[in-house]
Amino acid sequence: MNQPNEDEIGKLLRLKRYEQPPPGYLDSFLHEFHRRQRDELLKQPLWRICLQRAQDFMFRLNVPALTSYPAAATALLICAAIISMKIYQGPAQQNVAVQNQTPVVSTMIQDPAWSLSAPVATRDLGPQPLRHTNYSSHTHRAATPPRYVLDSTPVSYEAAFRF
Amino acid sequence: MNPAIALPSPRPFADFLSSARPSHAKAKPDAMEQPRPDEDKELVSRTQSGDVRAFDELVVKYTPRLYGLVYNMTSNHEDTNDLLQDVFAKAYKSISGFRGKSSFYTWIHSIAVNMTLNFLKKRGRRFHLSLDDMDASIKNDKEFLELTASSSPVREADLSELQRRLNEAMMKLSDEHRAVVTMFHIQGMPHAEISKILRVSEGTVRSRLFYANRQLQNYLEEFRKNPVS
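See below:
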């Protein structure tokens, strides 16, 4: 018996074309493809999605073709300007923090009971205690120096002892 | 397919083949039709400019053909489905870099073959045949209708036996040889197209095909001698 020749092998193998996927498979393939694409998209971190979109955007604009030396230099200058602006914004934030402390100090000075302009003799301390128990919580003692102004006032400055 | 080809009575191999469909007749002419490059170019261009539906059209267009390619290399429906999904996903990701140096047809086939070969290397020899049924369109075939008029369950079993034998013979080939046989004999691609897809010379394609045919002749000779095992 002779072995089948190449042409006969080809004819036999062509019968395999009749092997087809289950009915409806090709119709549902696209839906399955969309579903897998969505699932894969959800698994990706946000930064990667943004990066991919940026890449697509750049590609659509055909940036590589437009890129030239002046354009690259301009882009570099813009980046440098943005970075330098960011760096110099640092001290300004510290000023804001100092200003925030100012009202605390001003409220202390504006208190008439503790003003140096009023003489000690006429100072009416009133029935209220010298220090409120809850007053210290408003003054942020940890942040401000201790208030020994009254006790450290020189005697010669007090009007009541003047003759 | 002609069910009489697998009758238990001994028949010459030439008769066995002559009872099959003629070589010029295509079982699935739509699936094996060469796609129009201009149409593909437009769809690719639209996809690159962000039109997702254009890529869907490409998926619908190439799924039957690529399914046949991957299925005949893996002989497993589930593996084929997963691989095909991955092939289109990879194609969609890389289509922005497709510059049209080759046709989209060659490009997508190249992705499919390379991914399948990588998969087969990982899978190794541990696999099981998960074969698709014969296409229902075979029932519209004139010869098939004539012969199944007097069909018996034995003949139907022999039809599936033939399918199993063919697939087993294919799986005995190396992955590279199977790829060439699939593209040439089953998909009807010319040598030049196969060489572009595999990125090897036409001589290499012909050499692989010659070696694979000789191996298949040996494997199928056993089937010819003993059609029912």
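The listed protein sequences derive, respectively, from chains A and B.
For what it's worth, my numbering labels the leading residue of the first sequence as 681, then goes sequentially.
For what it's worth, my numbering labels the leading residue of the second sequence as 350, then goes sequentially.
Glycine included, every Cβ here is placed at the ideal spot set by N, Cα and C.
I believe residue i touches residue j by the beta-carbon criterion, under 8 Å. Please report the beta-carbon distance rounded to the nearest angstrom.
i	j	result
B:Asn-421	A:Lys-696	6 Å
B:Arg-395	B:Ala-403	4 Å
B:Leu-407	B:Val-419	About 16 Å separates the two Cβ atoms, so there is no contact after all.
A:Leu-693	B:Val-530	7 Å
Below 8 Å between beta carbons: does that hold for residue i and residue j?
i	j	result
B:Gly-449	B:Lys-390	yes
B:Arg-557	B:Glu-525	yes
B:Ile-444	B:Val-409	no
B:Ser-424	B:Met-520	yes
B:Ala-438	A:Arg-716	yes
B:Gln-566	A:Ile-689	yes
B:Tyr-416	A:Pro-701	yes
A:Glu-712	B:Gln-512	no
A:Leu-706	B:Asp-405	no
B:His-540	B:Arg-563	no
B:Leu-466	B:Ala-528	yes
B:Thr-455	B:Glu-388	no
Starting from residue i, find everything on chain A with Cβ-Cβ shorter than 8 Å and list it in chain order.
i	result
B:Asp-535	The amino acid at residue 535 of chain B is misidentified as Asp; the sequence shows Ile. Those within 8 Å of B:Ile-535 in chain A are Leu-693, Arg-694, Lys-696 and Arg-697.
B:Leu-515	Leu-692, Leu-693, Leu-695 and Lys-696
B:Val-304	As displayed, chain B neither begins before 350 nor continues past 578, which places residue 304 of chain B out of reach and without an answer.
B:Leu-469	Correct list: empty, because the minimum Cβ distance to chain A is about 17 Å.
B:Val-522	It should be noted that the sequence gives Leu, not Val, for residue 522 of chain B. Simply none; closest approach about 11 Å.
Along chain A, in chain order, which residues have C-beta atoms closer than 9 Å to that of residue i?
i	result
B:Val-636	Residue 636 of chain B cannot be examined here, being either before or after the span of chain B that is shown, 350 to 578.
B:Leu-392	Ordered by position in chain A, no residue passes the 9 Å Cβ test against B:Leu-392, which lies about 14 Å from the chain.
Under 8 Å Cβ-Cβ, which residues of chain B neighbour residue i?
i	result
A:Arg-716	Gln-434 and Ala-438
A:Ile-763	Per Cβ cutoff of 8 Å: no residues; A:Ile-763 is ~30 Å from chain B at best.
A:Ile-689	His-534, Asn-562, Leu-565, Gln-566 and Leu-569
List, in chain order, every chain B residue whose beta-carbon is nearer than 7 Å to that of residue i.
i	result
A:Leu-710	Asp-405, Val-408 and Val-409
A:Leu-706	Thr-412 and Pro-413
Note down, in chain order, every chain B residue with its Cβ under 9 Å from the Cβ of residue i.
i	result
A:Asp-736	Gly-399 and Ser-445
So is the beta-carbon of residue i under 7 Å away from any non-hydrogen atom of the ligand FAD?
i	result
B:Gly-552	Absence of the ligand FAD is noted for the structure shown, with no ligands found whatsoever.
Along the region 432-451 of chain B, where does the CB come closer than 7 Å to a CB of chain A? Name the residues.
Gln-434, Phe-437, Ala-438 and Ser-445
Three or more C-beta pairs under 8 Å: does that hold for the region 427-438 of chain B against the region 506-521 of chain B?
no
Does the count of Cβ pairs from the region 545-555 of chain B and the region 459-468 of chain B closer than 8 Å reach three?
yes
For the region 549-562 of chain B against the region 728-739 of chain A, do three or more pairs of beta-carbon atoms, one drawn from each stretch, fall closer than 8 Å, so that the two count as touching?
no
Mind listing which residues of the region 399-426 of chain B have their C-beta closer than 8 Å to chain A's C-betas, in chain order?
Gly-399, Asp-405, Val-408, Val-409, Thr-412, Pro-413, Tyr-416, Gly-417, Tyr-420, Asn-421 and His-426
Between the region 552-566 of chain B and chain A, which residues of the former have a C-beta closer than 7 Å to a C-beta of the latter?
Asn-562, Leu-565 and Gln-566
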